[in-house]
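Chemist: Right, I'll just put the structure down here and ask away after.
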Amino acid sequence: MDLTIHTGDGIFNYRACGLLIHEGKLLVTQVEKDGHFFLPGGRVTFGEQAEAAVLREIREEIGIECRILRTLWLNQAFFTHQDQRFHELCFYFLLDWSGTDLLSRGKEFFTWEGQKENRFLWVPFED
2 MDLTIHTGDG
12 IFNYRACGLL
22 IHEGKLLVTQ
32 VEKDGHFFLP
42 GGRVTFGEQA
52 EAAVLREIRE
62 EIGIECRILR
72 TLWLNQAFFT
82 HQDQRFHELC
92 FYFLLDWSGT
102 DLLSRGKEFF
112 TWEGQKENRF
122 LWVPFED
């Protein structure tokens, strides 16, 4: 079960995400034309380590095997999305994705995760 807790005041999420970097660009994702971009990854499940969660999420969302180079930071965020208040903790990991076919997919590509379409694109750091 994902570590998402619905409270009377909002939703708490525990996430892990990965930074995939290539020639000054960062891979970001967008779900179903939601308008918001974020880093690939997802919710940690109960009893799962954040490191295992980010590798699982990358495998599920993009279909590649990565390894963690290092933990970058832990971020605490407060935001509102679709009229819901969120409190989120997220571990950010620098990932090694060498040896994968990721670049052959182009500067923008799409994947399906169940009924959900994920859009991925390489964005220059300055953007």
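According to this note's numbering, the residues represented by the sequence shown are 2 to 128, in order.
Every residue gets a Cβ at the ideal spot worked out from N, C-alpha and C, and that includes glycine.
No experiment lies behind these values; they were computed from the predicted model shown.
Once you ignore the five residues that flank residue 111 on each side, which residues in its own chain have a CB closer than 8 Å to its CB?
Modeler: A distance below 8 Å between beta-carbons, with the five flanking residues on each side excluded, links residue 111 to the following residues of its chain, in chain order: 118, 119, 120 and 121.
Chemist: Between the Cα of residue 16 and the Cα atoms of 54, 59, 33 and 97, which residue gives the shortest distance?
Modeler: 54
Chemist: For the alpha helix (DSSP H) containing residue 56, list its first residue and its last residue.
Modeler: Residue 56: member of the alpha helix (DSSP H) spanning 51 to 63, first to last residue.
Chemist: On a Cα-Cα basis, can you pick out the residue from 27, 73, 4 and 61 that is closest to residue 127?
Modeler: Comparing Cα-Cα distances from residue 127 to each of 27, 73, 4 and 61, the minimum goes to 27.
Chemist: Residue 45: buried (16+ other C-beta within 10 angstroms of its C-beta) or exposed?
Modeler: buried
Chemist: So the candidates are 20, 60, 7 and 12; which of them puts its Cα closest to the Cα of residue 96?
Modeler: For the residues 20, 60, 7 and 12, the minimum Cα distance to residue 96 belongs to 20.
Chemist: On the premise that residue 75 lies in contact with residue 56, defined as a C-beta separation below 8 Å, what is that separation, rounded to the nearest angstrom?
Modeler: Wrong, their Cβ atoms sit about 17 Å apart, outside the cutoff.
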